[in-house]
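The block underneath contains the structure these notes are about, expressed in structure tokens.
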Amino acid sequence: MRQPHLSSVVERRLLVNYRVAPDAAARLLPDPLRPHLVHGYAVAGICLLRLGSVRPTWAPKAVGLRSENAAHRIAVEWDGPHGVETGVYIPRRDTASRLNAWAGGRVFPGEHGRADFEVHETPGQVHVAFATRDGDTRVDTTIELSDELRGSELFADLAEASRFFQGGTKGFSATSSGRHLDGMELHTDAWHVEAGRVRSAASSFFDDPDRFPLGSATLDCALVMRNVPASWSPLPVMPVD
Numbered sequence: 006m007r008q009p010h011l012s013s014v015v016e017r018r019l020l021v022n023y024r025v026a027p028d029a030a031a032r033l034l035p036d037p038l039r040p041h042l043v044h045g046y047a048v049a050g051i052c053l054l055r056l057g058s059v060r061p062t063w064a065p066k067a068v069g070l071r072s073e074n075a076a077h078r079i080a081v082e083w084d085g086p087h088g089v090e091t092g093v094y095i096p097r098r099d100t101a102s103r104l105n106a107w108a109g110g111r112v113f114p115g116e117h118g119r120a121d122f123e124v125h126e127t128p129g130q131v132h133v134a135f136a137t138r139d140g141d142t143r144v145d146t147t148i149e150l151s152d153e154l155r156g157s158e159l160f161a162d163l164a165e166a167s168r169f170f171q172g173g174t175k176g177f178s179a180t181s182s183g184r185h186l187d188g189m190e191l192h193t194d195a196w197h198v199e200a201g202r203v204r205s206a207a208s209s210f211f212d213d214p215d216r217f218p219l220g221s222a223t224l225d226c227a228l229v230m231r232n233v234p235a236s237w238s239p240l241p242v243m244p245v246d
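Everything in the sequence shown is counted per our numbering, starting at 6 for the first residue and increasing by one.
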């Protein structure tokens, strides 16, 4: 099946970022991926994404759908045909949408699990929590919008953080077969992120000592994207060892 290009509006994209020991991140990556390091750290995190007006690029905006979604991510690099490429590896995706869970990996790239979300938003604060239906993953975070990025050991300022994530718009997701990764790329001419200050954050993924031994994953910073038009295009699958 030919997978469609999609149009959407990123109503809210909350990136909660961790600095991670490179060896801990590398253990979670399939070949040919390796951690993309910043100041000696791997970069990982949770993307909490509400999409609106999602539809094939040829369809009118009025028929678009809306959904809450989450992706756990690790910034990666790999050797492409024209040199080193960068993006993110996504060990799991989750969604509140029954349609997304059915269509992911079939109609468009990226298999999704089902999750229940709790969201509260004001102009200055975003709270997102979710629990997956399989009981494997829970996240609960509250972020306040800030005029500048403070306290990050990964990025000197908001501009540096923005450039890093803008360069990692190719996402490759784990699949149930384990033989390849599904790929999708984000495109936007209106890239804009705001700084966030983490008021609280809990993640069963990053708090798991079997996955991240004590001290190997530390909460670093948060970024918020709001009301940005974006399109999504499928990428060729990536074979893995």
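Glycine is no exception: its CB is placed at the ideal position from the N, C-alpha and C atoms.
Partner residues in a beta bridge of asparagine 232, as assigned by DSSP, do not exist.
Straight through space, the alpha carbons of glycine 220 and serine 13 are spaced by roughly 38 angstroms. Residue pairing from DSSP leaves glutamate 16 without any beta-bridge partner.
In the structure shown, aspartate 84 adopts extended strand secondary structure according to DSSP, grouped into three states.
The three-state reading of DSSP puts valine 112 in coil, since its state is none of H, G, I, E or B. A Cβ-Cβ contact shorter than 9 angstroms links leucine 56 with arginine 71. In this structure, valine 112 keeps its C-beta atom at 9 angstroms or more from the C-beta atom of serine 209. Using a Cβ distance threshold of 9 angstroms, glutamate 82 and glutamate 90 count as a contacting pair. Straight-line measurement puts the Cα of glycine 109 at about 11 angstroms from the Cα of glycine 188.
Look at the beta carbons and you see the region 141 to 156 not touching the region 169 to 188: under three pairs across the two are nearer than 8 angstroms.
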